[in-house]
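Working notes for the structure below.
Residue numbers (the numbering used here): 5 to 160.
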């Protein structure tokens, strides 16, 4: 497996969008509000890659994973961590998070931060196993109940 930075020469936007949608599809009907992945377009995904730091995992020419990283004050935000359903459980997510840790350290950021939906207990456990701890509970606009949790991993 090869990890590549998604840069100006990347042209596989349709494949990347399909990867994100397929890896987030299990959430449909489980989380409310629906995933923001459904609002992505080829153009907005390309813009996201320009605005953030993105990596793709490629195996035998197939795009099997990605992650988008956004520096913030005090942390590196992890977004759209997506692994193709057939490739999950093989350590690809952990490898992408290792890249995120390297980027955070290069930028002098002491932590990784992510958000996951309250309904996705399996994700909470996976991220906890990778060293993340729950740091906040949030509500999406228009909701009075908790809809997501924030988790951080300190890199000190």
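Note that beta-carbon positions come from the ideal geometry of N, C-alpha and C, so glycine has one too.
These figures come from a predicted structure and were not determined experimentally.
Which of the three DSSP states, helix, strand or coil, is assigned to residue i?
i           : result
residue 60  : strand
residue 84  : strand
residue 156 : strand
residue 123 : coil
residue 74  : strand
residue 197 : Because the chain spans 5 through 160 in this model, residue 197 falls outside it and cannot be assessed.
residue 6   : strand
residue 68  : strand
residue 113 : coil
residue 26  : helix
residue 39  : coil
Suppose you measure from the CA of residue i to the CA of residue j; what does that come to, to the nearest Å?
i           : j           : result
residue 41  : residue 21  : 9 Å
residue 76  : residue 37  : 25 Å
residue 11  : residue 54  : 7 Å
residue 62  : residue 69  : 7 Å
residue 60  : residue 9   : 6 Å
residue 25  : residue 112 : 32 Å
residue 85  : residue 71  : 4 Å
residue 49  : residue 14  : 12 Å
residue 159 : residue 99  : 16 Å
residue 94  : residue 34  : 24 Å
residue 51  : residue 43  : 13 Å
residue 45  : residue 129 : 30 Å
residue 127 : residue 97  : 12 Å
So residue i packs on residue j, CB below 8 Å; how close in whole Å?
i           : j           : result
residue 143 : residue 117 : Actually they do not touch by this definition, with Cβ atoms about 18 Å apart.
residue 153 : residue 102 : Not confirmed; about 23 Å, so no contact.
residue 135 : residue 157 : 5 Å
residue 82  : residue 104 : 6 Å
Less than 7 Å between C-beta atoms, sequence neighbours within five positions excluded: which residues of the same chain meet that for residue i?
i          : result
residue 57 : 73 and 107
Here's a check: name, in chain order, each residue in its chain whose Cβ is nearer than 6 Å to the Cβ of residue i, leaving out the five neighbours to either side.
i           : result
residue 131 : 155
residue 6   : 62
residue 28  : 39 and 41
Who are the near neighbours of residue i in its chain, counting only those whose CB is closer than 8 Å to its CB and skipping five residues on each side?
i          : result
residue 67 : 16, 19, 20, 23, 60, 61 and 88
Any C-beta of chain D sitting closer than 8 Å to the C-beta of residue i?
i          : result
residue 13 : Any reference to chain D falls outside this structure, which holds one protein chain only.
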